[in-house]
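Those letters in the sequence shown? Residues 1 to 162, by this note's numbering.
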Amino acid sequence: MPKHGLSSALLLLSLACREPAPAPAPSTPPPAAEAAPASVMGVIVATNVTWGDALVRGDSATLRSVYTADAVLMTSDGDVTGPDAIVSRLLATRRAIKDSVHGTAINTDRLDVAGDKAYEAGTMTYVVLSRGKPREVKVRYVNFWQLTAGRWQLSRSFRPLP
Numbered sequence: 001m002p003k004h005g006l007s008s009a010l011l012l013l014s015l016a017c018r019e020p021a022p023a024p025a026p027s028t029p030p031p032a033a034e035a036a037p038a039s040v041m042g043v044i045v046a047t048n049v050t051w052g053d054a055l056v057r058g059d060s061a062t063l064r065s066v067y068t069a070d071a072v073l074m075t076s077d078g079d080v081t082g083p084d085a086i087v088s089r090l091l092a093t094r095r096a097i098k099d100s101v102h103g104t105a106i107n108t109d110r111l112d113v114a115g116d117k118a119y120e121a122g123t124m125t126y127v128v129l130s131r132g133k134p135r136e137v138k139v140r141y142v143n144f145w146q147l148t149a150g151r152w153q154l155s156r157s158f159r160p161l162p
């Protein structure tokens, strides 16, 4: 075998038998990604219950605490921005229907968590008083959540009112 042929064969053999390069270390996940989605679901469901209860009671301080400082409520009339404006809109709508919201139930169908952000979709049932009799009004909703200073808060929401 010619000298250069042996050298080429040895080079190919050494390349084929070498140790594979170490795989790059996985990137560090954002802090919120370490929380199990089930625990995030529990917090978001509890916050939804708090939101519904505060709406029924007309508790503006509790409603305000659920939203981030730059939160947006998407409505059929356009976007409402900021917790104060959102709470004013929610309570004004509640007053316009003569405080007939007597209860809420929220059923989360889907929750996707990506780091410090979460997307939620579900069905909300309002119990309203109509002609002296309670009736249920079901609406679909979509929420975008943001983990801020260790708390999940609404950053963008589409929750139709009855």
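Think of the CB as a built atom: it goes at the ideal place given N, C-alpha and C, for glycine as much as any other residue.
Please read these numbers as outputs of a predicted model, since none were measured by experiment.
Check                                                                                                                  : Outcome
Secondary structure, beta strand (DSSP E): runs of 3+ residues fully inside the segment 30 to 99                       : 67 to 75, 78 to 81
Host beta strand (DSSP E) of Gly122 (start-end)                                                                        : 117 to 130
Per-residue burial, Arg110 [other beta carbons within 10 Å of its own, 16 or more giving buried]                       : exposed
Own chain residues within Cβ distance below 6 Å of Asn48, not counting five before or after                            : Ile106
Same chain only: Cβ atoms within 7 Å of Ser60, ignoring 5 sequence neighbours per side                                 : Val87, Leu91
Sub-9 Å separation of Arg159 and Val139 beta-carbons                                                                   : yes
Asp79 versus Ala85: straight-line alpha-carbon distance, rounded                                                       : 10 Å
Residues of its chain near Pro69, where Cβ-Cβ distance is below 8 Å and the 5 sequence neighbours each way are ignored : Sequence inspection shows Ala at residue 69; the Pro mentioned does not correspond to that position. Closer than 8 Å at the Cβ level, and outside the excluded window around Ala69, lie Gly82, Pro83.
Cα-Cα separation between Gly150 and Glu120, rounded to whole angstroms                                                 : 18 Å
Proximity of Gly42 and Met124 at Cβ, strictly below 9 Å                                                                : no
Whole-Å CB distance - Ile44 paired with Thr108, under 8 Å assumed                                                      : 7 Å
9 Å Cβ cutoff met for Arg89 and Thr75                                                                                  : yes
Minimum C-alpha distance to Ala38 - residue among Tyr126, Val113, Asp77, Ser155                                        : Val113
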